[in-house]
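With UniProt numbering applied, the sequence shown covers 1 to 108.
Backbone N, C-alpha and C fix where the C-beta goes; we use that ideal spot for every residue, glycine too.
The structure appears right after this line, and notes come after that.
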Amino acid sequence: MLKTRAKYHLGQIVRHKKHPFRGVVFDVDPRFNNTEEWYHSIPEESRPSKEQPFYHLLAENDQSYYVAYVSEQNLIADYSGQPVSHPDIPDLFGPFQDGHYPLQFQLN
């Protein structure tokens with residue numbers, strides 16, 4: 001049985017270690033759960049291990065908003081205190097407070 005503990009939590013703001021974007025965590029997979037095509041589109045020398053948490057982010061960079069899927073090893077916590085402006089945030093989270101977004105809905 002795979003035992004993993006996610007380092008980041010729902011509503012937390014994180015940033016990518018190598019690429020210039022940040023985002024809000026809205027889901028976590030305990031291990032890789034995307035397509036093989038997606039996985040192999042990552043250059044082999046940069047390809048992360050599948051045996052770690054992967055995070056779904058409402059992401060933003062200087063040009064756009066999008067959904068990103070990122071391995072834990074490629075993320076760091078964002079302590080800038082700045083909100084993320086992704087337009088889908090209000091669908092999932094309450095107003096930005098104390099450096100994170102509180103969940104707006106009840107989880108099962």
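Under DSSP, Ile13 shares a beta bridge with Val24. Here the C-alpha atom of Tyr39 lies approximately 12 Å from the C-alpha atom of Glu45. Contact between Val28 and Ile76 does not hold, since the beta-carbon distance rounds to 16 Å and is not under 8 Å. In the DSSP assignment, Glu72 is bridged to no other residue. Counting other Cβ atoms within 10 Å of its Cβ, Ser41 stays below 16 and is therefore classed as exposed. Contact check for Gly11 against His100 passes: the beta carbons are separated by less than 8 Å. Beyond the five residues adjoining it in sequence on each side, Tyr69 comes within less than 8 Å, by CB distance, of Asn34, Trp38, Phe54, Tyr55, His56 and Leu57 in the same chain, given in chain order. The alpha carbon of Glu60 has as its nearest neighbour, out of Ser49, Asp88, Pro48 and Phe21, the alpha carbon of Phe21. When beta bridges are read from the DSSP output, Val67 appears opposite Leu58.
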